[in-house]
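In the working numbering, the protein residues as written are 1277 to 1666.
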């Protein structure tokens, strides 16, 4: 685990860049800044890592096919490269290539979108019927007439391990990270930014906000574009755990009449893990959203497991809450603040962002230092919402 600073007295210090929120995105940003020789301060209101936001739960899917939009494929390819680099640097097992599956009705948006992204970007893949999918991976039990895109290079990331690896790498490059420190206020002008917390005050040339579901509260000008949503994950014990082991069970996203679901093999903790996109459509501030899972949460997830993964629907091992932060179009928000060009935001990852964290950190470092990036981020700029109304 990384060493973090817990100052006991008021501290005032000056830095080149301050990063607020040191979860998946913020830890990557701190690393990419520090490796360029920048004096970085990371401020996190919880622990490093923690289970109060969007970067916990043991695993996160990473996949080359991007049914959401083919525009994400170059970004995820860069992310894969950076995850491999971080894994080699840290010595940690972070990236597990077990394959990915996107399944659903043949005329459904998920299957068609996944196949289209493979075709546009020449991604090697197979199209399988539901029956072929079930035969190849016996843990699956999807309808025979469904279609699936199988891609062998996808898999999952160990999310807490990835955050720790980025923090440790940032610290090795000279960054300072302070945990359990809550931001109270910030100001920005042409001369720089100033941050006040419940432990001290800090000055810098630039500020990067990667505060997840708290971003709208810290940046009121962007609050209308950022909607926190409660999510719940479940782990059910399979009848035969070996069938759901990583070497025999690819990660999946499934489009069904019950909703869009996603899942993982058994890894690190007991149980086959799954979740439902927009779980119960519960929105609010982080303080308003219930943290404790209940029986209805469990029912929604078990109903899907029994229908499509019956061998994986045994006793409940674990339930956990997390949060999405959704934008109106469910695409990311990567840009400079509309009123303060020395304030950069990475937010609104809408339930499909963690896989990109390694590359998002690179992008946010570019924006903080240079005001622009070579990455193609036009789909993620703030002014798209103005353009959509033209």
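Beta carbons: idealized from backbone N, C-alpha and C, even for Gly.
{"Asked": "Contact under 8 angstroms by Cβ, residue 1569 with residue 1596", "Found": "yes"}
{"Asked": "Limits of the alpha helix (DSSP H) - the one that residue 1265 falls within", "Found": "Because the chain in this structure spans residues 1277 to 1666, residue 1265 falls outside the shown range and cannot be described."}
{"Asked": "Contact the segment 1340–1349 vs the segment 1395–1403: 3+ CB pairs below 8 angstroms", "Found": "yes"}
{"Asked": "Nonlocal neighbours in the same chain, by C-beta distance under 8 angstroms from residue 1409, ignoring five residues either side", "Found": "1377, 1379, 1416, 1418, 1422, 1424, 1426"}
{"Asked": "At least three beta-carbon pairs within less than 8 angstroms, the segment 1544–1563 to the segment 1504–1512", "Found": "yes"}
{"Asked": "CB of residue 1601 within 8 angstroms of CB of residue 1623, strictly", "Found": "yes"}
{"Asked": "Expected contact under 8 angstroms - CB spacing of residue 1608 and residue 1656 to nearest Å", "Found": "4 angstroms"}
{"Asked": "Enclosing alpha helix (DSSP H) for residue 1552 [first to last residue]", "Found": "Careful: residue 1552 lies outside any alpha helix (DSSP H), inside the beta strand (DSSP E) at 1548–1552."}
{"Asked": "Within 8 angstroms, strictly: CB atoms of residue 1431 and residue 1469", "Found": "no"}
{"Asked": "N-terminal and C-terminal residue of the beta strand (DSSP E) that residue 1504 is part of", "Found": "1503–1512"}
{"Asked": "Same chain, Cβ closer than 6 angstroms to residue 1308, neighbours up to 5 away in sequence not counted", "Found": "1637, 1638, 1641"}
{"Asked": "3-residue-minimum beta strand (DSSP E) runs that sit fully inside the segment 1459–1532, ordered along the chain", "Found": "1459–1465, 1468–1473, 1476–1485, 1503–1512, 1527–1532"}
{"Asked": "Buried versus exposed call for residue 1461 [16 or more other C-beta atoms within 10 Å across all chains shown]", "Found": "exposed"}
{"Asked": "Pairwise C-alpha distance: residue 1439 and residue 1457", "Found": "18 angstroms"}
{"Asked": "Whole-angstrom distance between residue 1320 and residue 1381, CA atom to CA atom", "Found": "43 angstroms"}
{"Asked": "Euclidean distance between Cα positions of residue 1278 and residue 1411", "Found": "Any answer about residue 1278 is weak, because its pLDDT of 48 lies below 50 and its placement is not dependable; what the coordinates show is given next. C-alpha separation (whole angstroms): 43 angstroms."}
{"Asked": "Under 8 angstroms between C-beta atoms of residue 1429 and residue 1406", "Found": "no"}
{"Asked": "Residue environment, residue 1529, which counts as buried when at least 16 other CB atoms sit within 10 Å", "Found": "buried"}
{"Asked": "Assigned exposure category for residue 1667 - 16 Cβ within 10 Å defines buried", "Found": "Absent from the model: residue 1667. The displayed extent of the chain is 1277 to 1666, so no value can be given."}
{"Asked": "Nearest neighbour of residue 1450, chosen from 1326, 1617, 1303, 1313 [CA to CA]", "Found": "1313"}
{"Asked": "Top-ranked residue by Cα proximity to residue 1352, from 1634, 1646, 1644, 1498", "Found": "1634"}
{"Asked": "Bridge partners - residue 1305, DSSP secondary structure assignment", "Found": "According to DSSP, which records beta bridges pairwise, residue 1305 is partnered with nothing at all."}
{"Asked": "Cβ shell of residue 1573 (< 6 angstroms), same chain only, five flanking positions each side left out", "Found": "1508"}
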